[in-house]
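So for the sequence shown, the numbering used here puts the first residue at 5; every next one is plus one. Even glycine gets a Cβ: it sits at the ideal position worked out from N, Cα and C. Beneath this line is the structure, given in structure tokens, with notes to follow.
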Amino acid sequence: MFKNILVPLDGSALGEKALNVAIVIAKAFDAKITLLHNISITSFTSVGASMGEETYQQMAESEVLNSSDYLKKVEGRLHDCGVAQIETQVVQGIPTSAIQLAARNGVDLIVMTTHARTGIARTILGSVADEVVHSVNIPVLLIAAQQPAFELDGCAPAFQRILVPLDGSTLALQALPIASALAQATGAGVVLLDVLPEPVRAGEELATEGAGWAARYLNEVAHTLPPDTEADTVVTSENVGEAIVREAVERDCDLIVMTTHGRSGFTRMRLGSVADQVLAHAPVPLLLLHGDSTEAAN
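Take a look at the structure:
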């Protein structure tokens, strides 16, 4: 499954909230963790014109050394938790460009913290995570600012239950293999959720039929999971984002895995509405996968 996990860091405690989740996944798949620290020299480039080139260069070199020292400390923490393969990178320039470049060079999962409490629409995750989500074709696991730190049990894999929202489409179903692999590797259970449109009076009978179909569909999907994977199915009818958040809380899920439709959103809903709502309110990380709409159509 995952072989090289990229964790962008900015030196803050908030950014480091991504580390524990990355550790769990890296140990589950014996994957490498690549720690990326981007140096922003904009804080002193504004006065660069008034200083000598030598002074400017010394400041830039100092930033590189400080970043390297910081990453060495983080690397030591990962080693203490049993992560065997660790790479560190210090880069300069635009953060999103550095992450995009890494994504094109062997990284198959990005784990990062968002700096916005209102999700990926409009306020745009502090912009960096939003641009990453929309510009790379590999899975991105997001930990929102308001979420509590993901606790490790003695640095051991800690996923207990993974929530997978489905809607009956092949596109949404593309989230299942990764969710299943994560569940198998960490011993977690899987919760399959289908959220139907909220019924209106004239459509209550149709809504009942739809609920029956959805329950049968989820049971069929559950039977495709490995026999030793504990699976629960849930059918509800309400606001999609609210349902995902509520079920994640009530069922004690610690990860949500969802498929996105290309770069513009989920099947049946826009990324800026559902994912934004989930990320803003769910107390657990959100793993976004870019679904292959061409494959889904076949």
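Check: Between the stretch 210 to 224 and the stretch 247 to 260, do three or more beta carbon pairs fall short of 8 angstroms?
Finding: Short answer: they don't touch.
Checklist line | Exposure label - D84; buried when at least 16 CB within 10 Å | finding: In summary, D84 is exposed, with fewer than 16 beta-carbon neighbours lying within 10 Å of its beta-carbon over all protein chains present.
Next item on the list: Measuring alpha carbon to alpha carbon, tell me which of L229, A192, T233 ends up nearest I260.
Entry: Restricting attention to L229, A192, T233, the CA atom closest to the CA of I260 is found in A192.
Item checked: Cβ-based neighbour list, A235, same chain, cut-off 6 angstroms, excluding 5 preceding and 5 following -> For A235, where only same-chain residues beyond five positions count, the Cβ hits under 6 angstroms are V194, A226, L229.
Check: Excluding sequence positions up to five away, which residues of its chain have a Cβ less than 7 angstroms from the Cβ of V111?
Finding: Excluding residues within five positions, the ones whose Cβ falls inside 7 angstroms are N8, L10, T38, I142.
Note to self: In the DSSP output, which residue or residues are listed as bridge partners for E91?
What the structure shows: In the DSSP output, where bridge partners are listed per residue, E91 has T38.
Checklist line | Straight-line Cα distance separating A286 from S184 | finding: About 21 angstroms.
Item checked: Inter-residue CB distance, L200 and V239 (contact presumed, cutoff 8 angstroms) -> Cβ atoms of L200 and V239 come within 8 angstroms of each other, at about 7 angstroms.
Margin query: Out of D258, A279, R255, which one is the CA nearest neighbour of T264?
Written below: Selected option, being the one with the closest Cα: A279.
Item checked: R220 - DSSP class collapsed to helix/strand/coil -> Under the three-state reduction of DSSP, R220 is assigned to helix.
Check: Run through DSSP, which three-state label would Q96 get?
Finding: Here Q96 carries a strand assignment [DSSP, helix/strand/coil].
Notebook entry, point to check: What is the DSSP secondary structure of A149, counted as helix, strand or coil?
Noted result: Of the three classes helix, strand and coil, the one that applies to A149 here is coil, per DSSP.
Notebook entry, point to check: Leaving out the 5 sequence neighbours to the left and right, which residues in its chain are closer than 8 angstroms to E251 when beta-carbon positions are compared?
Noted result: Excluding positions up to five away in sequence, the list reads L167, V195, L197, V238, T240, C257.
Checklist line | N-terminal and C-terminal residue of the beta strand (DSSP E) that V288 is part of | finding: For V288, there is no enclosing beta strand (DSSP E), as DSSP marks it with neither H nor E.
Next item on the list: Pull up the distance between the alpha-carbon of E242 and that of N70, whole angstroms please.
Entry: Straight-line Cα distance between these residues: approximately 50 angstroms.
Checklist line | Candidates G15, L18, L13, V25: closest to L291 by CA position | finding: If we check each option's Cα against that of L291, V25 comes out closest.
Checklist line | Buried or exposed (CB count within 10 angstroms, at least 16 for buried), Q61 | finding: Looking at its Cβ environment, which holds fewer than 16 other Cβ atoms inside 10 Å, Q61 is exposed.
Next item on the list: With DSSP as the reference, label S72 as helix, strand or coil.
Entry: Helix, per DSSP.
Checklist line | Residue environment, Q96, which counts as buried when at least 16 other CB atoms sit within 10 Å | finding: Exposed is the call here.
Notebook entry, point to check: What residue does the alpha helix (DSSP H) around P181 start on, and which one ends it?
Noted result: Its alpha helix (DSSP H) spans residues 180 to 190.
Check: Apart from the five residues just before and just after L293, which ones in its own chain have a Cβ nearer than 8 angstroms to its Cβ?
Finding: Result list for L293: P143, Q178, A179, I182, V261, M262, T263, T264, in chain order.
Item checked: Check whether T100 and L75 have beta carbons under 7 angstroms apart -> Annotated as distal: T100 and L75, with beta-carbon spacing of 7 angstroms or more.
Notebook entry, point to check: Quick one, are the C-beta atoms of I103 and P12 less than 7 angstroms apart?
Noted result: Going by C-beta atoms, I103 is nearer than 7 angstroms to P12.
Next item on the list: Tell me, please, which residues DSSP counts as bridged to N8.
Entry: Answer is K36, bridged to N8.
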